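J.: Mind having a look at this structure? Questions to follow.
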Amino acid sequence: NRVKYPLVRSRLLKLWREARVLMTPVAAWKSIVEDPKKRASYVQKRGLGGFVRASWAE
798 NRVKYPLVRS RLLKLWREAR VLMTPVAAWK SIVEDPKKRA SYVQKRGLGG
848 FVRASWAE
């Protein structure tokens with residue numbers, strides 16, 4: 798089963814795209830996981846589906 802399209806939780810992808818506009822990838826990820834509100838917003842949605850396609854570049 799080859800993955801043709803990467804799937805990411807929509808809430809996490811939204812946070813990633815917002816952070817990525819102004820920051821490097823590592824800094825963007827750090828800003829998401831170290832902010833308790835941002836982290837809680839995507840962690841609470843685990844197990845509920847909500848996956849969307851992302852590009853391989855993201």
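For what it's worth, the numbering used here labels the leading residue of the sequence shown as 798, then goes sequentially. The beta-carbon is built from N, C-alpha and C at its ideal position, and this holds for glycine as well. Bear in mind that the values here come from a model prediction, so they are computed numbers and not experimental data.
#1: Since Arg817 is in the alpha helix (DSSP H), which residue starts that stretch and which ends it?
#2: Just the Cα atoms here: how many angstroms apart are Arg817 and Asn798?
#3: What are the boundary residues of the alpha helix (DSSP H) that Val823 is part of?
#4: Take the Cβ of Tyr839 as the centre, count every other Cβ of all protein chains shown within 10 Å, and call the residue buried at 16 or more, exposed below.
#5: May I have the straight-line CA-CA distance separating Tyr802 from Ala851, to the nearest angstrom?
T.: Put simply:
#1: Translated into positions along the sequence shown, residue 817 becomes position 20. That run of the alpha helix (DSSP H) goes Ser807 to Arg817.
#2: Reading the sequence shown from its first residue, position 20 is the one you call residue 817. Reading the sequence shown from its first residue, position 1 is the one you call residue 798. Between Arg817 and Asn798, the C-alpha separation is close to 30 Å.
#3: Position 26 of the sequence shown holds residue 823. Start and end: Pro822 to Glu831.
#4: Locating residue 839 in the sequence shown gives position 42, where the first residue counts as 1. Result: buried.
#5: Here residue 802 is taken as the residue at index 5 of the sequence shown, counted from 1. Here residue 851 is taken as the residue at index 54 of the sequence shown, counted from 1. Those two C-alpha atoms are separated by around 7 Å.
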